[in-house]
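Okay, structure first, notes after.
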Amino acid sequence: MTKQLSLLLIIVAVGCSSQTPPAAAPKAATSTSEASSDATVSGTTEGKPNPPATAEADDKPHDGAAVTATAPPFQLEEGFSLLTFPDFEAFGAEASTWEGTADGIKSSGKPRGYLYSKQPYQNFTLRLDYRFPRPANLKDESKFKGNTGFLVYITGEHKLWPVCLEVQGKHIQMAAIKENGGAQPVTATDDEAARQKARHAVGEWNAIEIVSTNGALSVSLNGTPISKCEPDFLSEGSIGIQAEDHPFEVRRLRIRRD
């Protein structure tokens, strides 16, 4: 009986050991890069979906700063010379009225007065950009009263205003031609529809080009012809910039003698 019981226990023990699964082989260690690669599968990272790509993210350079569209750098055209603050004298100004800047001239607009060039000009092409600061509460641009002007053929004594012709810098009359200081009325043509279409918003730069040919003027705004005038008794003199109660700044002021 004892032998039979021992034999039965041995058979049961052998049967149980034969049903035990073999131990798994140890997994080889992986490098950090391999682990990271294994963790990302089919658009997921560590089991979480990757965030969708956005234009903002795609447009960032390596330093993380957003890419913004910028205008090409300014290059002085052939034959042109820059005019800077030291090229002018001031009339009717205080120390705070005019200020030279890195790329032009800035004015507080007060008190009324003007800059005039130390050199006279007759046949020339004058180019510049200018802008008024935009009031925070401005809603209707037709009511904006920002005002300045670009004077040509300044003649005689200095006063408010001198005898000259003026290309309007006033926002609502930008690039119009008028006479100043008792000069004879100018015979001019003016395209208001073209002005409305070409003029940039308050606070943005507007580009003026003035071409003088023996007393005749032609004026363009942002590349669009706006006004012309016939030759008159004025054909040569200093050029100038008005301060007329409103702050503004001018940049890239340059001239070519033609």
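All residue numbers for the sequence shown refer to our numbering, where the first residue is 16 and numbers rise by one. No residue lacks a Cβ here, since even glycine has one placed at the ideal position from N, Cα and C.
F165 versus L268: straight-line alpha-carbon distance, rounded: 11 Å
With 16 other Cβ atoms within 10 Å as the buried cut-off, status of I256: buried
Exposed unless 16 or more other CB atoms sit within 10 angstroms - verdict on D144: buried
Segments of 3+ residues assigned as beta strand (DSSP E) that fall wholly inside the region 223 to 255: 231 to 236 and 239 to 244
Short Cβ contact (8 Å threshold) for F106 with H173: yes
Among V167, A216, T116 and D206, the one whose alpha carbon lies nearest that of K154: A216
Within 8 Å, strictly: CB atoms of I223 and Y136: no
Rounded separation between P148 and K185 - CA only: 13 Å
Per-residue DSSP class, three states only, for S139: As written in the sequence, residue 139 is Phe, which differs from the Ser given in the question. The answer is strand: DSSP assigns F139 an E or B state.
Pick from P200, W220, K125 and E156 that is closest to A86, judged by C-alpha positions: W220
Residue from L175, A108, S96 and Q211 with nearest C-alpha to A191: Q211
Under the three-state DSSP convention, the category K125 falls into: coil
Three-state class that DSSP yields for Q134 in the structure shown: coil
Alpha carbon of R271 to alpha carbon of E92, nearest angstrom: 9 Å
Contact check, G171 vs H261, beta carbons under 8 Å: no
Outcome for F248 when other beta-carbon atoms lying within 10 angstroms are tallied against a minimum of 16: exposed
Nearest-angstrom beta carbon gap, G238 and R146 [assumed within contact, 8 Å]: Actually they are not in contact, since the Cβ atoms of R146 and G238 sit about 16 Å apart, beyond 8 Å.
CB-CB length for G124 against E264, believed under 8 Å: Their Cβ separation, rounded to whole angstroms, is 11 Å, which puts G124 and E264 out of contact at 8 Å.
Buried/exposed call for A81, threshold 16 Cβ in 10 Å: Residue confidence is low: A81 scores 40 on pLDDT, short of 50, so the model does not pin down where it sits. Its coordinate-derived value is still stated next. A81 should be labelled exposed.
Within 8 Å, strictly: CB atoms of K133 and E104: yes
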